[in-house]
Amino acid sequence: MDKKREEALYKHGFRLLEEQLATYIKEHYEGVSRIEFSPIFEDGGDGYSMYTLNVVVAISDEHGNRALVDEYGSGNTPFGTANGLTMDFDGGDGSQVIELDNYDRDEVIDVSDADTLPKNAKLESYRILDEMIQYLVKTEQLVDVKKSNHGSRDVKVVYNTTIKKGSYSKWH
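Structure follows, in structure tokens:
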């Protein structure tokens, strides 16, 4: 497969996944000042482990605290091809196929032709992400961040579609 086409697919897919995650946090949590994404980490496929593409999310609160969104401080909860994002090329015409999970309705949304997150791919609930953020608040890694219908409308979002080889667990 052409490496440039493959990289364009990854960047397009991950940009939409990042927008989906950022939109959810921005619209459902108040007290957040910044949402930042790691590079897209390309790992595995070496005969010893499965090929994966992942990003890590960092949230900053309005007090200047910054925390990586992971489950119980494990460092093992990235977002990507293992959860929430499917990417491929259509065998018929070779066009991009990008799908995002919509956990609210337990369905997969085709976003292949979208430049920005379509309304039907926005999340209204995401239990796993909620649990991770609640853990960060409980352990005081984030302060005054709470689930709310008001959200954090002025949050700064830093998207990142740089592709980097290696493990996401080394990103801080």
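Heads up: the sequence shown begins at 1 in UniProt numbering, then just goes up one per residue.
All C-beta atoms in this analysis are idealised placements derived from N, C-alpha and C, irrespective of residue type, glycine included.
Just so you know, these numbers come straight off a predicted model, no measurement behind them.
Of the choices Tyr-103, Glu-42, Phe-89, Ile-133, whose alpha-carbon is the least far from that of Asp-61?
-> Ile-133
With 16 as the cutoff for other CB atoms within 10 Å, does Glu-42 come out buried or exposed?
-> buried
Buried/exposed call for Thr-81, threshold 16 Cβ in 10 Å | buried
Helix, strand or coil for Ser-33, going by three-state DSSP, please let me know.
-> strand
Going by alpha carbons, who is nearest to Leu-100 out of Glu-131, Lys-119, Gly-91?
-> Lys-119
Which whole-angstrom value is the C-beta distance of Phe-79 and Val-57, which I expect to be below 8 Å?
-> 7 Å
Inspect the beta-carbon positions of Pro-39 and Lys-156 and report whether they are closer than 9 Å.
-> no
Are Leu-117 and Leu-16 touching if we call contact CB-CB under 9 Å?
-> Against a cut-off of 9 Å, the Cβ pair of Leu-16 and Leu-117 comes out as a contact.
For Asp-70, does the count of other Cβ atoms within 10 angstroms reach 16, so buried, or fall short, so exposed?
-> Buried.
Check whether the Cβ atoms of Val-108 and Thr-139 lie closer than 9 Å to each other.
-> Judged by their CB atoms, Val-108 and Thr-139 are not nearer to each other than the 9 Å cut-off.
Alpha carbon of Gly-84 to alpha carbon of Leu-9, nearest angstrom | Roughly 15 Å between the two C-alpha positions.
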